[in-house]
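> Quick note: the sequence shown uses this note's numbering, first residue 1, plus one each step.
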Amino acid sequence: MNFFEYKKEIEKIFKNNNIDKNEVNILFCEAMNLSFAEMLKIENLSQKDQTRLDRYVKLRLKGKPIQKIFKRAYFFDYVFYVNQNVLCPRPETELLVEEALKFAKSNSKILDLCTGSGAIAITIQKKSNAKVSGSDISKKALYVAKKNAKMLNANVKFVLSDMFENISGKFDMIVSNPPYIPSKEIESLDIEVKKFDPIISLDGGVDGLDFYKQIAQNARNYLNKNGKLLLEVGKGQAKKVKQMLEKNGFACFVKNDYNNIERIVVGELK
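Put into structure tokens, the structure is as follows:
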């Protein structure tokens with residue numbers, strides 16, 4: 001089959017299903033293990049390639065994100081393994097890491113709470129050579145995190161812990177992108193999220209702030225003097241999270257994301 005005609009057909013199908021047609025290029029490149037430039041040189045599709053692409057297209061039309069279809073996600077300079085047990089690292093979370101790297105040094109001790117795939121912890125360790133630990137309540141998530149650390153040759157210690165429960169010692173920095181979706185809003189999320197991301201990684205309680213309350217109340221017990229606390233927050237949550245931290249002895253400021261949404265709350269223990 002003519003590749004160009006097939007591609008145009010899939011772009012039309014994606015458009016009719018409210019999926020960005022640019023995803024066709026990404027899906028095709030991932031499926032065929034080609035760069036965009038290499039893909040443009042293809043003239044005809046073999047039956048084998050078309051059958052494979054048809055299968056992936058059907059999965060995408062059912063709402064499965066491309067990252068979950070191919071079990072890999074891109075974050076900073078790295079490719080991470082992802083599956084149904086972890087969130088895919090998102091572009092705005094790179095801002096959290098960028099801010100952390102402003103403070104991280106090779107002798108820093110850093111904790112990543114709710115580590116999930118390990119993307120935050122691993123990237124910080126690779127970029128700064130700091131002593132990094134990552135914790136999560138999910139054994140399945142930690143399996144993914146450890147797999148990624150091994151793949152990327154990152155020296156990160158992972159701990160099974162319900163927030164601070166099994167955490168010992170003190171750190172120079174704590175970072176976290178915890179669950180922050182209000183429980184009642186889970187059902188209204190896009191199918192890509194509510195069907196293919198683990199609910200445990202999304203549900204932040206009635207107001208979406210359950211995990212921030214725990215962090216605000218306990219973080220100072222695990223931070224060294226002048227320790228930093230960096231948190232990614234949901235839309236409209238920054239003001240309340242900042243107030244929580246300030247009540248618990250932190251001096252704070254907020255960073256906006258690429259869409260000018262208040263996204264990162266940075267606190268320093270006074």
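Think of the CB as a built atom: it goes at the ideal place given N, C-alpha and C, for glycine as much as any other residue.
Can you tell me whether P91 is buried or exposed, with buried defined as 16 or more other CB within 10 angstroms of its CB?
P91 comes out exposed.
> Comparing C-alpha positions only, which one of C29, V79, Y180 sits nearest to A145?
That would be V79, whose Cα lies nearest to the Cα of A145.
> Where A104 and Y143 are concerned, what is the direct C-alpha to C-alpha distance, given to the nearest angstrom?
Roughly 26 Å separates the two Cα atoms.
> Within a Cβ cutoff of 8 Å, which residues of the same chain sit near S324, ignoring the five residues on either side of it in sequence?
As displayed, the chain neither begins before 1 nor continues past 270, which places residue 324 out of reach and without an answer.
> Residues in its own chain within less than 8 Å of E185 by CB, not counting five upstream and five downstream?
Taken in chain order, the residues that qualify are G208.
> Look at the alpha carbon of P89 and the alpha carbon of Y74, and state the distance between them as a whole number of angstroms.
Distance between the alpha carbons of P89 and Y74 is about 8 Å.
> Span of the beta strand (DSSP E) holding S161?
Looking at the DSSP string, S161 is not in any beta strand (DSSP E), and its letter there is neither H nor E.
> Does DSSP classify C252 as helix, strand or coil?
Correct three-state label for C252: strand.
> With a threshold of 16 other CB atoms inside 10 Å of the CB of Y212, please say whether the residue is buried or exposed.
Buried, because 16 or more other Cβ atoms sit within 10 Å of the Cβ of Y212.
> Out of N248, Y180, M244, state which residue places its alpha-carbon closest to the alpha-carbon of V234.
Here the sequence assigns Gly to residue 234, which means Val is not the residue at that position. Checked all of N248, Y180, M244; the closest Cα to G234 is Y180.
> What are the residues that DSSP puts in a beta bridge with N85?
Paired residue(s): none; N85 is not in a bridge.
> Per DSSP, N2 is paired with what?
Per DSSP, N44.
> How long is the line joining the alpha carbons of D49 and F3, rounded to whole angstroms?
Cα to Cα, D49 sits roughly 10 Å from F3.
> Please list, in chain order, all residues of the same chain as N155 whose beta carbon is under 7 Å from its beta carbon, the five residues on each side excluded.
Closer than 7 Å at the Cβ level, and outside the excluded window around N155, lie Q125.
> So, using beta-carbon positions, are N256 and R220 closer together than 9 Å?
It is not a contact, given that the beta carbons lie outside the stated cut-off.
> With three or more C-beta pairs closer than 8 Å as the rule, is the segment 163 to 181 touching the segment 37 to 49?
With a cut-off of 8 Å, the segment 163 to 181 and the segment 37 to 49 do not count as touching, because too few Cβ pairs lie within range.
> Give the secondary structure of F171 by DSSP, where H, G and I count as helix, E and B as strand, and everything else as coil.
F171 falls in the strand class under three-state DSSP.
> Would you be able to state if there are at least three C-beta pairs under 8 Å between the segment 26 to 40 and the segment 60 to 71?
The answer is yes - the segment 26 to 40 touches the segment 60 to 71, with three or more Cβ pairs under 8 Å.
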